[in-house]
Every structure is written in structure tokens, then in C-alpha cells.
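Working notes, structure below.
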Amino acid sequence: MEDRLEDLVPPEEYVVLWSFPGRCSEEQLSISKGDRVIVHAKITPEWWWAEQRGVFGYVPASYLRQGTSEEEEEEDAWQDEEYYFTYGALNLHLEMLSDKSRTETYRRVIVNNSTSLHRKVVMDLGCGTGIMSLFCAQLAQPAVVYAVEASSMVEHTKTLVKQNECEEVITVLQGRAEEIQLPEQVDVLVSEWMGNCLLFEFMVESVLLARDRWLREGGTMWPSSAALTLVPCQAHRYYAEKMAFWEKPYGLDFTPLQPLALQEFFSKPKFSHLMEPGDRLASPADVLCLDMHTLQVADLEEMQGEFQFQVEKSGVFHGFTAWFSVYFKSLEEGGATVELNTGPDSEPTHWKQTLFMLDEPISVHAASRISGTITLRRNPVWRRHLTVTLHWDISCLAQEAATCQAGTKSFPMWR
Ligand code: GJV
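Last residue of the sequence shown: 440 in the numbering used here, with the numbers rising by one and none dropped.
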């Protein structure tokens, strides 16, 4: 320590984000998630000298976060304040309402089930401007619709309900679905909770908690199930724009910037990707299927799916594209299921698709096989975020000697 005085910082309290056993050396401090430590010196960007109850040792800097009170931590983990703040403005609601494919699908579900909805009790979780509740009230005759909304948009929702003369049927409730009280159980729980790559935002957790509290035995969830679909793909345009660009801009060699580009553009997934039909290397396959009636909150911590793609044409394997579908079962036995598909063969939605770029493109031949797994791991601290890990094995049987190539890459979304 004596020779590292220049690294000393005024002692500051930090909170431990992940447990660190500190077993690799005696100089390391063993700390547990949620502990508080005092940082005395930032020896390197990665390793800091810290103290816990009089014991000193090194801890990885990335495991620490500047300390705050317990409640603030709770708030931060969900980033609820920021989350609901963004839904207090019109911008996101306009985006969702302008998405015809999304909004019309929900309307179709209500139209198709209008007879069965007669006298039913409905909860619309995260009603936003109240569009689904208004569809319900206008196109069917439910006994009541409880429209639940946590953001400040709820003030306007009440106005819209009155303006459209639906206040007899729709009861707007302000608050989080986890906390509100309803006077009764509901027959149908409708919500539009899907985020990028299906799970991002983890609003689905609120839906499951509300289901367990308020859906009556045998009640119906809309959507009733959800699937995540994956396909190995080319992404020539995106690769050229962000990576090949540095090869010869204005006749100069800028390739030393490519590692930076890799970090900046390809380490996180690209939301808002529109995959072109010619970019797929194989037939898409469902890798996850969620049953909204049986799914448990604990299941959300880690989900794993498997895939085995038969490459259908030779090309460049740049990455994987993912999207989701949700299904709305009919309230009537044998009635038609309605599907909302956000894939490249359907009408585009505001979710578009999600692109996961490999670090390096790989040439693949027709008849190769790309098999592997996808794991969606919920961030233990930032509860609306997750990490997607893709593992792939490419086996090329057509080559003289069968070749094999494997890789793994993890993509934080967003932290
Ligand atoms: N309780 C009440 N309202 C909520 C909740 C909750 N737990 N979670 C989200 N909302 N498809 N990814 C509201 C949020 O304020 C917004 O108006 C709407 O639900 C989000 C729906 C679209 N987001 C999504």
C-alpha cells in the first residue's frame, strides 16, 4: 500500500452488486451481494482496495456501485421512477397506438370474443391511454373493465374514458398492478407487456403477479402464450456500415478502430432491425414457448432454449435475428386463436426484430448445421434488464473433412 499512495481516494461507501468469494488470493476481500464496503484506493481501473469492518483487501471494481440508502436501491433496481416517467408522456403511447398491427390484433381479439365477453369482468394491466379497455367497452358488453395504469398518463385516461362515454363500464385505477386492490376477481386479464426480444422491461412479472392475485380459477390470460423465434442470418448492410467501413474510408486504413467498433456496435444487440427475407440462412425456429397460465415469476430468472438449423443456402453467417409471437386463445371452446407475429414475414410492428451480431462473420455452406442454445438470464440487480447468451456449433458435412466451429457470445440488454 505504501507505494500506492497516489491511488488513494477519499474513503467512499460502495454497495456490492454481486458476491465475490475472494478465494484467488489472500489479498482479496470476500464480499457478498448487498454488503457495504469502504473504498480507500482505486489501484487499477479493475481492482480497488477496500475495507469491510476493519478487514482490507482487493475487490473487483465492477462488482461495486456507489452506496445509497436501501429504498433508493430498491427503486434503482427497477428504475421504476424513470420507467413510469417515460410512460407519462405521449411519445411511447403514440408509438404503440400507431403500430396498427399490434393495436388491430388486440381489437380483433375483442371483436372475435365479443359474445363471450358479455358480463365478464376484465382487467387491462398497464392500460396506458386506455385503448384496449375502450375497445372492450365499445365492442363487447363486459360487466366491468378495471383499467390499471401506474404512470401519470392515467389522468388523461380518465378523461378519455369520459370523453368516449365509457365511464359506466371502465373503472380507471391509478397505481402499480402489484399494489392496487380490486373489489373482485377477474375473468380475463389482458395486457400488452411484451418488450424487445419478448422479455426486456420484464413487465411480464407484473402480469404474472396480478394473475396470481386477481385472475379467478379458470380465467383467461390475453395473450395466453408467447414464443421467441430465432434464425441464423446474414447482415451485410449492417456489417458494412459499422465494421467494414473502417477498412478504407477515403482511401485510408482505419482498421485499428475495428476493435472499438466491435465493442461499440456489436456487443449489445441491435433493436429495431428489419431483417430482409433474403438474409435468412435457414428456416426460423421457436426456441422458447411461454404459457401465460402456468409460467412462474421464478421461471423468469433464467430461460434456455435449443436450436438446430439446417443451412439452406451458402452465405455469410453474421449473427442471429430474434423476434416473438403472442397468441390469444378464444374464450369459447374450439374458437379461433389470434396471433400477433413480429417476425420479418408479418406486417412490421414497432418492435421490429432484434439482431445479435457475431464478432466475426463466418462463411457457411448449404447443408451445414448450426445447432446450439440461447439463454436469457435476468440481471440480478437491474431487474428490467437481461443478458442473452448464444452458443453455436457449426458442422459442415459437405466439406471433404467434416469441419466444426463453435462459439459463444453474451449480449447485455442493456446493463
Ligand atoms: N402496473 C401498472 N401499470 C404498468 C405496470 C404495472 N406494474 N407496468 C407497466 N405499466 N409492452 N413493454 C404501464 C406503463 O406505465 C405503460 O403505460 C404501459 O403499462 C406499458 C405497456 C407497453 N410496454 C410494453
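Ideal Cβ placement from N, Cα and C applies to all residues, glycine included.
Item	Value
Beta-carbon separation (whole angstroms), F160 vs I135, contact threshold 8 Å	5 Å
The stretch 201 to 214 in contact with the stretch 271 to 280 per 3-pair CB rule at 8 Å	no
Unbroken stretches of the beta strand (DSSP E), 3 residues or longer, contained in the stretch 63 to 112	72 to 77, 80 to 85, 89 to 91
Y171 and T154 closer than 8 Å at C-beta	no
Helix, strand or coil at S50 [DSSP, three-state]	coil
6 Å Cβ shell around W72 - same chain, five flanking residues per side excluded	Y83
Same chain only: Cβ atoms within 8 Å of T280, ignoring 5 sequence neighbours per side	W271, E272
Reduced DSSP category for L233 - H, G, I as helix; E, B as strand; rest coil	helix
Buried versus exposed, by CB contacts within 10 Å (16 or more), V64	buried
Any non-hydrogen atom of ligand 2 within 7 Å of S393 CB	Ligands displayed in this structure: ligand 1; ligand 2 is not among them.
Three-state class that DSSP yields for M228 in the structure shown	helix
Q188 burial status per 10 Å Cβ neighbour count (16 or more: buried)	exposed
First through last residue of the beta strand (DSSP E) which encompasses E174	169 to 174
Collapsed DSSP secondary structure at Q206 in the structure displayed	coil
Within the stretch 330 to 373, ranges of the alpha helix (DSSP H) (whole runs, at least 4 residues)	none
Neighbourhood of R440 by C-beta distance below 7 Å, restricted to the same chain and skipping five residues each side	N404, W407, H410
Proximity to Y112 [Cα-Cα], best of Q166, I156, S177, G79	S177
Alpha-carbon spacing of E331 relative to S396, whole angstroms	8 Å
Neighbourhood of S126 by C-beta distance below 6 Å, restricted to the same chain and skipping five residues each side	E372, T374
Top-ranked residue by Cα proximity to K183, from S158, Q206, V312, C49	S158
Beta-ladder partner(s) of S292, from DSSP	Answer is none; S292 lacks a bridge partner.
Contacts around E209, its chain only, beta-carbon distance under 7 Å, and the 5 residues preceding and following it disregarded	V146
DSSP-derived helix/strand/coil call for M26	Any reading at M26 needs caution, since the residue's pLDDT is 43, under 50, leaving its predicted position unreliable; the model's value is listed next. Reduced to three states, the DSSP call for M26 is coil.
W218 CB to nearest heavy atom of ligand 1 below 7 Å	yes
Among S44, A361, T414, nearest to A86 - alpha-carbon criterion	S44
Residues that Y39 bridges to, as DSSP identifies them	V62, Q91
Segment limits, beta strand (DSSP E) that includes I399	393 to 403
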